Ligand code: FAD
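Rendered as structure tokens:
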């Protein structure tokens, strides 16, 4: 059997290695357009920032290593220029010599990845404007920085690559601005959770110019003007375009393979394309979202590697199936970690699901053991069924492990209420006897049992100020004085039982505290005395962070100018809205 593979990185290299482990006799040829195979795309921004110093660290394998271990012919600087399913061959161009030839196959695997989305805007071809996909792109950016010492960079796009670059360029001492049309970074997160990411970026001096449409690029004063639709241009010494990726599927289109979203290759769960004998993996393929069942594009390394393995199994006579993608991902944002799995609240609503959420602020480990930090966790579930739909966490240590527990729970089909039952490892330096994931489960179980009724951030503006409800802040007088939502009266939770007479009977009580814990206790006291009480999900800390962020984003969107990049003054404010 002869297998030809297009693309020698995540999906392609995995398929090649697995094929060899399953079939010692197969002839395996990989064509890779760039000069490198099996390189660490995910490490590229960290080489630019100097965290990874040796470029050889970026290549996990060389063609020679790969050949000596797997006897796979890794043909780098070879571009496949055409697919001919009717005669089972591919056209190949040797980019070193210019030689062109046809290679036959019994089975063909496509793992060509995705290319940086290039908007059709004036000036996208100018110098000092870069994209980041390959090792070569990385070396080009690094060389430019070393030679020209740019002092400022504008990143068009605030997704994973934009954020990782922002951090790394900032670490090099550059002034960094992120500009994009959406009013939040990192769209896998809900806007409220993204506010925590915005805060960390601003704390580290990254300017966020959100809600701005980029209309083109012009070389100016030795740098680049980024032209905005409604505002004055932004100027930077260099620009990186990171507005997303598009499946690199021109070959598949020309060969008549069935295509899906954004020209991605349609495959079944065995990773077979519409043409017999041709398989496809990675960023180039359309996947099924395992939570919603929708067609989706999720460009991540984990799925690409798994799909490559599945293809090899199936070519070798097995029957491996891809279970779909859940979008689990994690990113370092300066000192913080942000992670997500499944769908967010906005996605759930768009998909027509009746969703509810809990937002909590647990410590990373036992409060009495030094070094614990607060994380913000949002768990999304379906109201009636308590099906677990997704989770987002922004914090410091322990974020990655909690998101992986939640990802596993979603994959296993656990109900959100069952999170309380997970028997998770505990010692004070690592967790609490009630792990944050268990805590989310307790809260959701309380909702299911009718013990906890919540109100959310979106309800704040709609709260009636005509006296028909009671608005209660259960924090201490000192905390209340530092900032509260207008219209809320203050009765600290520990005084509540003695001061119940101050609360009018027969009216619902909306309660808030700093994190949501004291207000929950206050709600239980109130319910125990015949009141109908609702707990604010996330607490004032969350409310304050999100509201402050929204103001900053809106004012930047209105004037198109930079928003403050220094630490925000005062943690709290007295909101003008009721
Ligand atoms: P790739 O790994 O991109 O490989 C495709 C290869 O095919 C390319 O090398 C290309 O040169 C080659 N090719 C394309 N067309 C041809 C042709 N016609 N002939 C020959 N060769 C061809 N994912 C994460 O999960 N976590 C991260 O932290 C993360 N960080 C990232 C950071 C950066 C800067 C980038 C660019 C990506 C990152 N990703 C991350 C995404 C992840 O790298 C991809 O999802 C994954 O590599 C996709 O694997 P693939 O095999 O589909 O494509």
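Numbering (this note's numbering), first residue to last: 10 to 587.
Glycine residues also receive a C-beta, built at the ideal position from the N, C-alpha and C atoms.
In this text, all values refer to a predicted model and were calculated from it rather than measured experimentally.
Opposite residue i in the DSSP bridges: which residues?
i, result
"residue 404", "346"
"residue 364", "391"
"residue 243", "235"
"residue 40", "15, 84"
"residue 110", "101"
"residue 304", "297"
"residue 474", "For residue 474, which the question treats as bridged, DSSP gives no partner whatsoever."
"residue 518", "479, 542"
"residue 399", "351, 389"
"residue 288", "118, 281"
In three-state terms, what does DSSP make of residue i?
i, result
"residue 4", "Since the first residue of the chain shown is 10 and the last is 587, residue 4 is not available in this structure."
"residue 492", "coil"
"residue 592", "In the structure as shown, the chain starts at 10 and stops at 587, and residue 592 therefore has no counterpart that could be examined."
"residue 257", "coil"
"residue 172", "helix"
"residue 441", "coil"
"residue 184", "strand"
"residue 124", "strand"
"residue 161", "strand"
"residue 68", "strand"
"residue 539", "coil"
"residue 564", "helix"
"residue 338", "strand"
"residue 143", "coil"
"residue 374", "coil"
"residue 529", "helix"
"residue 424", "strand"
"residue 502", "helix"
"residue 224", "strand"
"residue 310", "helix"
"residue 463", "strand"
"residue 282", "coil"
"residue 129", "coil"
"residue 216", "strand"
Given a cut-off of 7 Å on the beta-carbon distance, is the pair residue i and residue j in contact?
i, j, result
"residue 166", "residue 35", "no"
"residue 24", "residue 38", "no"
"residue 348", "residue 408", "yes"
"residue 326", "residue 19", "no"
"residue 187", "residue 217", "yes"
"residue 147", "residue 31", "no"
"residue 554", "residue 204", "yes"
"residue 307", "residue 286", "no"
"residue 21", "residue 100", "no"
"residue 453", "residue 426", "yes"
"residue 519", "residue 478", "yes"
"residue 491", "residue 544", "no"
If you draw a straight line from the alpha carbon of residue i to that of residue j, how long is it in whole angstroms?
i, j, result
"residue 245", "residue 229", "9 Å"
"residue 578", "residue 525", "Low confidence applies to residue 578: its pLDDT is 34, below 50, so where it sits in the model is not reliable, and the reading given next is rough at best. Rounded to whole angstroms, residue 578 to residue 525 spans 24 Å at the Cα level."
"residue 77", "residue 28", "15 Å"
"residue 127", "residue 257", "12 Å"
"residue 201", "residue 332", "30 Å"
"residue 379", "residue 438", "8 Å"
"residue 475", "residue 516", "12 Å"
"residue 112", "residue 85", "15 Å"
"residue 284", "residue 115", "13 Å"
"residue 384", "residue 503", "25 Å"
"residue 184", "residue 345", "20 Å"
"residue 565", "residue 363", "33 Å"
"residue 420", "residue 175", "32 Å"
"residue 522", "residue 235", "43 Å"
"residue 582", "residue 211", "In this prediction, residue 582 scores a pLDDT of 30, lower than 50, which makes its location untrustworthy; the coordinate-derived value is nonetheless stated afterwards. The alpha-carbon atoms of residue 582 and residue 211 are separated by roughly 18 Å."
"residue 302", "residue 155", "47 Å"
"residue 67", "residue 164", "23 Å"
"residue 280", "residue 231", "48 Å"
"residue 300", "residue 458", "25 Å"
"residue 546", "residue 413", "23 Å"
"residue 170", "residue 501", "45 Å"
"residue 180", "residue 559", "26 Å"
"residue 431", "residue 328", "32 Å"
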